[in-house]
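Last residue of the sequence shown: 241 (my numbering), numbering continuous.
Working notes, structure below.
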Amino acid sequence: MAFDHPVSDGASPVVPEPTGFSNLLRVSRVILLQARDLLNTICSDEQFTYESKLIPGSTIGKHMRHARDHFELLFQAMKMPGPYIFSYDTRSRNTPMETSRQAAYDAMSSTISFIDQLLIPHLDEPVTLNAVTPYMQALQSSFGRELWFCGLHAVHHWSMVRVIAGELNLQVDESFGVAPSTILYRESSISLSKSKI
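Okay, here's the thing in structure tokens:
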């Protein structure tokens, strides 16, 4: 039987069911934690700034900074009074986060802390995204849609970080750089193959 609200047995506290909003925040948090955890396996700033032979011009630091910047630009806009207007094209480049593991760890931790304290009331909170396509565009969107974009965008960059980590013989978690839909597909495929046995 499905309930719209949690039911208490009188002895146990009522724990609210996760909402779409809390689930999306949790996924965003996990995606950023994956990067922060990887920083603990990188031995030196030299590894962090190693320029990939397979993806020329790419370093782990550049990909981490770039992906985190998208979250930060969205969150900075949401800190201001509405209407919420922002652009992903105003990123800072060549920051300490690109070259220092410690700076990257601190920056990721700061963004994760912001997610933990985020008080945006609705996923459908309207936002305006100014984008260079190369023509200026003002696109209407929502906070939830843009937060999901930031997460998927980060996963895309984590997949490139995974390649660079492989060049450096660093071990990464099997879900690092893998889209949530792919993880679910793989899990369902395993379940289906086990049920055929």
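Cβ coordinates follow ideal geometry from the N, Cα and C atoms, glycine included.
Predicted model, so just to flag it, every value in this text is computed and none were measured.
Assigned exposure category for residue i - 16 Cβ within 10 Å defines buried
| i | result |
| --- | --- |
| Leu98 | exposed |
| Val176 | exposed |
| Ser154 | exposed |
| His166 | exposed |
| Gly195 | buried |
| Leu163 | exposed |
| Met152 | buried |
| Arg230 | exposed |
| Ile86 | buried |
| Ser72 | buried |
| Arg109 | buried |
| Pro60 | Residue placement at Pro60 is poorly supported in this model, since its pLDDT is 46, which falls under 50; the coordinates still yield a value, given next. By the 10 Å Cβ count, Pro60 comes out exposed. |
| Ile234 | exposed |
| Ser56 | Residue confidence for Ser56 is low, a pLDDT of 44 falling below 50, so the modelled location carries little weight; the figure read from the coordinates is stated next. Exposed: under 16 other Cβ atoms inside 10 Å. |
| Gly221 | buried |
| Val74 | exposed |
| Ser52 | With a pLDDT of 37 at Ser52, under the threshold of 50, the predicted position of this residue should be treated as unreliable, though the coordinate-derived value follows. By the 10 Å Cβ count, Ser52 comes out exposed. |
| Met124 | exposed |
CB-CB length for residue i against residue j, believed under 8 Å
| i | j | result |
| --- | --- | --- |
| Trp202 | Gln78 | 6 Å |
| Leu68 | Leu228 | About 15 Å separates the two Cβ atoms, so there is no contact after all. |
| Val207 | Ala223 | Not quite, the Cβ-Cβ distance comes to about 15 Å (not below 8 Å), so this is no contact. |
| Ser136 | Asp113 | 7 Å |
| Ser96 | Glu211 | 6 Å |
| Leu117 | Tyr132 | 6 Å |
| Ala111 | His197 | 6 Å |
Extent of the continuous beta strand (DSSP E) run through residue i
| i | result |
| --- | --- |
| Leu173 | 170 to 176 |
| Ala182 | 180 to 186 |
| Phe220 | Neither: Phe220 is in no beta strand (DSSP E) and is coded neither H nor E. |
| Ile129 | 128 to 130 |
Delimiting residues of the alpha helix (DSSP H) encompassing residue i
| i | result |
| --- | --- |
| Glu24 | The structure shown has nothing for residue 24, since the chain only spans 45 to 241. |
| Glu116 | 104 to 123 |
| Arg137 | Unbroken run through Arg137: none, as it is neither H nor E. |
| Ser64 | The sequence given here has Gly at residue 64, not Ser. 64 to 83 is the span of the alpha helix (DSSP H), which, as asked, contains Gly64. |
| Ser157 | 145 to 161 |
Query raised in the report: Is there contact here, the segment 155 to 175 with the segment 185 to 198, by at least three beta-carbon pairs under 8 Å?
Result: yes
Report task. Could you tell me whether the segment 99 to 113 touches the segment 135 to 150, using the rule of 3 or more Cβ pairs below 8 Å? Result -> yes
Query - Three-pair Cβ contact test at 8 Å for the segment 215 to 222 versus the segment 70 to 86 - result: yes
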